Amino acid sequence: MAFGTERTTSAVHVDKLPDETQGSARVGSVLARWWANQPIPRFVAGTLLRRILVSSLLGLAVFILGILLLSNSRGWLIDAKRESLRIQGEIIAAAIAGDAKVETERLTLDPNKLPEAADSRIPFRDDGFAALELSIRPERVAPILRRLIQPTNTRARIYARDGTLIVDSDKLLQRGTILKESESDDDDDAANGRVKTKNFWTRFNRWVLDKILDKQLPVYREIGSNLGTNYPEVRIAMAGGTPTPMVLLSEKGEQIVSLAVPIQRMKSVHGVLLLSTRPGEIDEIVGEDREKIFIMALIALIATISTSVLLARTVAGPIRHLAETAEIVSNDINAQRELPAFPNRRDEVGLLARAFAKMTAALFRRLEASERFAADVAHELKNPLTAARSTAESLAFAKTEEQRNQLIEQIQLELKRLNKMITEISSASRLDAELARQIREPVPLVALLESVTSILSDKAADHGATLDLQIPPAKSPDTYTIYGNDTRIAQVITNLVDNAISFSPNGGKVAISALRDGREVEIRVDDDGPGIDEDLLERVFARFYTYRPTAESSRGNNSGLGLNISREIVTAYGGTIRAENRYKIRGDKTSKRIGARFVVRLPVTPTHRRSA
Numbered sequence: 003m004a005f006g007t008e009r010t011t012s013a014v015h016v017d018k019l020p021d022e023t024q025g026s027a028r029v030g031s032v033l034a035r036w037w038a039n040q041p042i043p044r045f046v047a048g049t050l051l052r053r054i055l056v057s058s059l060l061g062l063a064v065f066i067l068g069i070l071l072l073s074n075s076r077g078w079l080i081d082a083k084r085e086s087l088r089i090q091g092e093i094i095a096a097a098i099a100g101d102a103k104v105e106t107e108r109l110t111l112d113p114n115k116l117p118e119a120a121d122s123r124i125p126f127r128d129d130g131f132a133a134l135e136l137s138i139r140p141e142r143v144a145p146i147l148r149r150l151i152q153p154t155n156t157r158a159r160i161y162a163r164d165g166t167l168i169v170d171s172d173k174l175l176q177r178g179t180i181l182k183e184s185e186s187d188d189d190d191d192a193a194n195g196r197v198k199t200k201n202f203w204t205r206f207n208r209w210v211l212d213k214i215l216d217k218q219l220p221v222y223r224e225i226g227s228n229l230g231t232n233y234p235e236v237r238i239a240m241a242g243g244t245p246t247p248m249v250l251l252s253e254k255g256e257q258i259v260s261l262a263v264p265i266q267r268m269k270s271v272h273g274v275l276l277l278s279t280r281p282g283e284i285d286e287i288v289g290e291d292r293e294k295i296f297i298m299a300l301i302a303l304i305a306t307i308s309t310s311v312l313l314a315r316t317v318a319g320p321i322r323h324l325a326e327t328a329e330i331v332s333n334d335i336n337a338q339r340e341l342p343a344f345p346n347r348r349d350e351v352g353l354l355a356r357a358f359a360k361m362t363a364a365l366f367r368r369l370e371a372s373e374r375f376a377a378d379v380a381h382e383l384k385n386p387l388t389a390a391r392s393t394a395e396s397l398a399f400a401k402t403e404e405q406r407n408q409l410i411e412q413i414q415l416e417l418k419r420l421n422k423m424i425t426e427i428s429s430a431s432r433l434d435a436e437l438a439r440q441i442r443e444p445v446p447l448v449a450l451l452e453s454v455t456s457i458l459s460d461k462a463a464d465h466g467a468t469l470d471l472q473i474p475p476a477k478s479p480d481t482y483t484i485y486g487n488d489t490r491i492a493q494v495i496t497n498l499v500d501n502a503i504s505f506s507p508n509g510g511k512v513a514i515s516a517l518r519d520g521r522e523v524e525i526r527v528d529d530d531g532p533g534i535d536e537d538l539l540e541r542v543f544a545r546f547y548t549y550r551p552t553a554e555s556s557r558g559n560n561s562g563l564g565l566n567i568s569r570e571i572v573t574a575y576g577g578t579i580r581a582e583n584r585y586k587i588r589g590d591k592t593s594k595r596i597g598a599r600f601v602v603r604l605p606v607t608p609t610h611r612r613s614a
């Protein structure tokens with residue numbers, strides 16, 4: 003496996019879309035831009051409060067409008083009225099026919115007699131009585147209508163066979179008294195043409211029926227004492243047809259259910275009973291429901307506005323404050339402490355505020371780190387330059403050729419150290435940007451460790467040390483698979499192994515091992531060197547810090563950036579790295595120190611880069 007090249011993202015070439023699709027996309031884009039520039043959308047999108055309020059009210063309006071449209075169907079109520087009129091008409095018609103008696107070749111009514119059962123019927127007769135006609139007198143029919151109609155608030159009219167009006171329940175004033183035609187104020191008679199509907203709801207109902215539901219209901223017009231055959235339902239009943247309820251509209255837009263029932267004797271129709279609901283009766287029932295709906299709608303409207311304003315104050319307000327503070331911080335990074343963190347909020351606003359605070363703090367730390375890095379670089383570069391200059395000045399005082407050669411060799415070592423330091427400084431300065439750009443992919447750790455061990459085995463042999471790789475058998479192919487960039491992970495392992503080789507004594511061993519621990523893989527690099535002082539275990543990861551207590555360490559071979567770069571890479575991949583000592587008695591720090599150990603833990607699943 004090669005680690006000298008970086009993975010790069012290949013460009014994805016997308017085939018051109020069909021002309022129709024591109025044209026539709028362009029039209030959609032133009033329409034979207036046009037709509038976004040209109041006054042109303044721009045006004046609504048101006049603030050988060052308006053967006054919340056409009057979206058909430060729009061949903062409420064659609065809900066209320068849907069309820070109103072459903073209430074206009076009134077199907078259940080009309081069906082109930084139809085059934086009620088049908089049963090009522092059969093009872094009244096049977097009462098009129100069943101209590102009739104013969105008087106000189108005609109039938110008259112006994113007003114004090116009613117059928118015992120509502121569904122009673124006159125049996126079929128095929129004798130001479132079948133030819134008799136039923137005489138229907140207003141003064142005898144009126145008490146029956148009054149007793150049966152008054153509790154139901156239904157209008158009843160009886161028409162003779164020739165269509166003349168015999169009695170109208172609306173003109174019954176008291177028992178046994180009939181209002182004469184001349185005394186009636188025919189207030190319901192409308193002028194020719196359509197009368198204006200009486201209120202908003204009847205107009206709304208008519209519009210719904212005509213425009214939306216496409217129901218052109220016939221208009222009911224009062225004909226007074228004219229022939230009842232002007233009503234289509236009466237004509238059907240006169241012909242002996244099946245009583246069929248009809249739904250009509252009054253000239254004021256109010257719905258009426260009308261039903262005509264034939265008054266039959268011996269299968270002969272002697273009159274027609276016309277029943278109809280009061281104009282506006284159905285509308286009143288629906289109106290009561292509408293009043294309840296609008297009361298609830300008003301309550302819902304108040305609640306919607308209140309909750310929208312509250313939501314805007316608790317969401318838009320903090321976000322606006324956060325934006326204003328962020329604007330201040332963008333001009334003065336020292337004002338970062340003024341960013342609100344909202345520690346008591348556990349919602350998305352609190353998460354956003356804390357994320358802003360963390361991001362700003364990370365940026366501030368990065369600025370401070372850049373300043374320290376510049377200062378450290380200046381200091382570290384000055385040391386070899388100063389040493390080289392001092393050595394060069396000493397050349398003038400060299401008395402022998404051997405002394406002169408030693409001074410020249412010393413200058414070359416300092417320049418070599420300076421060159422290596424500049425190279426590593428350049429690499430460290432680009433590290434953050436490269437880690438951010440690199441694609442994180444599954445990395446087979448076993449193959450990577452085998453490659454690093456193979457590459458560094460010769461270097462270890464030159465130092466008189468050996469490399470020992472120990473990896474327990476994997477339970478699955480993904481046991482030792484981590485996510486990151488193989489080149490950078492190999493750089494970390496190489497730095498640790500190379501560091502261990504430099505500290506190992508002649509005949510020492512550098513042990514490399516890997517172990518799966520839960521959702522992480524632990525990598526260990528052990529050496530047989532002198533170890534690290536306990537107070538320096540964390541400091542060895544500092545930038546430009548070198549710890550070389552042994553005689554084997556040579557000046558000019560170490561810049562102090564290797565472990566620091568390793569920590570940066572491991573941290574970027576969501577892992578940890580630490581240094582510890584190995585003791586002869588495990589866990590007993592009072593026993594003899596037998597070497598150092600570096601432990602790297604990397605997650606087996608992708609993680610976002612942590613803040614520095």
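For what it's worth, our numbering labels the leading residue of the sequence shown as 3, then goes sequentially. Positions of the beta carbon are idealized from the N, C-alpha and C atoms, including for glycine. Please read all numbers here as calculations on a predicted model, not as lab measurements.
#1: Buried or exposed, going by whether 16 or more other CB atoms sit within 10 Å of the CB of residue 146?
#2: Spell out a yes or no on whether the stretch 450-466 and the stretch 407-421 are touching, meaning 3 or more CB-CB pairs, one atom from each, closer than 8 Å.
#3: Relative to the alpha-carbon of residue 457, which residue among 422, 443, 479 and 497 has its alpha-carbon at the smallest distance?
#4: Tell me which same chain residues have a C-beta within less than 7 Å of the C-beta of residue 194, skipping the five on either side of it?
#5: What residues in its chain sit with their C-beta under 6 Å from that of residue 470, if we drop five residues either side in the sequence?
#6: Could you check if residue 462 is buried or exposed, using at least 16 other CB atoms within 10 Å of its CB as the buried criterion?
#7: Compute the Euclidean distance between the alpha carbons of residue 320 and residue 328, then round it to the nearest angstrom.
#8: At what residues does the alpha helix (DSSP H) containing residue 573 begin and finish?
#9: What separation, rounded to the nearest whole angstrom, lies between the Cα atoms of residue 79 and residue 241?
#10: Under three-state DSSP, which class holds residue 607?
#11: Report all residues from its chain with a CB closer than 6 Å to the CB of residue 545; omit the five preceding and five following residues, and keep chain order.
#12: Just the Cα atoms here: how many angstroms apart are residue 1 and residue 162?
#13: Is residue 369 near residue 393, with beta carbons less than 7 Å apart?
#14: Could you pull out every residue in the same chain whose Cβ sits closer than 7 Å to the Cβ of residue 279, ignoring the five residues on either side in sequence?
#15: By the DSSP assignment, the beta strand (DSSP E) with residue 517 in it spans what residues?
#16: Is there contact between the stretch 512-527 and the stretch 470-482, where contact requires at least three CB pairs shorter than 8 Å?
#17: Note down the Cα distance separating residue 526 from residue 431, rounded to an integer number of angstroms.
#18: Report yes or no: do the stretch 595-607 and the stretch 568-583 share at least 3 C-beta pairs separated by less than 8 Å?
#19: I'd like to know whether the C-beta atoms of residue 55 and residue 332 end up nearer to each other than 7 Å.
#20: Answer yes if the stretch 481-499 comes into contact with the stretch 586-596, meaning at least three C-beta pairs across the two stretches below 8 Å, and no otherwise.
#21: Three-state secondary structure (DSSP) at residue 98?
#22: Which of the three DSSP states is assigned to residue 599 in this structure?
#23: Sort out for me which residues DSSP pairs residue 483 with in a bridge.
#24: How many angstroms separate the CA atom of residue 1 from the CA atom of residue 234?
#25: Is residue 355 buried or exposed, if buried means 16 or more other CB atoms sit within 10 Å of its CB?
#26: What's the gap between the Cα of residue 229 and the Cα of residue 64?
#27: Going by CA-CA distance only, name the one from 466, 518 and 142 that's closest to residue 509.
#28: For residue 88, tell me which candidate among 68, 244 and 35 has the shortest Cα-Cα distance.
#29: Using alpha carbons as the reference points, say which of 421, 270, 350 and 283 lies closest to residue 254.
#30: Classify residue 540: buried if its beta carbon has 16 or more other beta carbons within 10 angstroms, exposed otherwise.
#31: From which residue to which residue does the beta strand (DSSP E) around residue 272 run?
#32: By Cβ distance below 7 Å, which residues in the same chain neighbour residue 306 in space, the five residues on each side in sequence not counted?
#33: Output needed for residue 302: all residues of its chain with C-beta closer than 7 Å, excluding positions within five of it in sequence on either side, in chain order.
#34: Which whole-angstrom value is the C-beta distance of residue 261 and residue 30, which I expect to be below 8 Å?
#35: Kindly indicate which three-state DSSP category residue 285 falls into: helix, strand or coil?
The answer reads as follows:
#1: buried
#2: no
#3: 497
#4: In this prediction, residue 194 has a pLDDT of 43, which is less than 50 and means its spatial position is unreliable; what the coordinates show is noted afterwards. Answer for residue 194: no residue qualifies.
#5: 511 and 513
#6: buried
#7: 12 Å
#8: 564-574
#9: 29 Å
#10: coil
#11: 378 and 566
#12: Here the chain has residues from 3 to 614 only, and residue 1 is not among them.
#13: no
#14: 83, 156, 258 and 259
#15: 511-519
#16: yes
#17: 27 Å
#18: yes
#19: no
#20: no
#21: helix
#22: strand
#23: 446
#24: Outside the shown range of the chain (3 to 614) lies residue 1, about which nothing can therefore be said.
#25: buried
#26: 48 Å
#27: 466
#28: 244
#29: 283
#30: exposed
#31: 270-278
#32: 58, 59 and 62
#33: 62
#34: That pair is no contact at about 56 Å.
#35: helix
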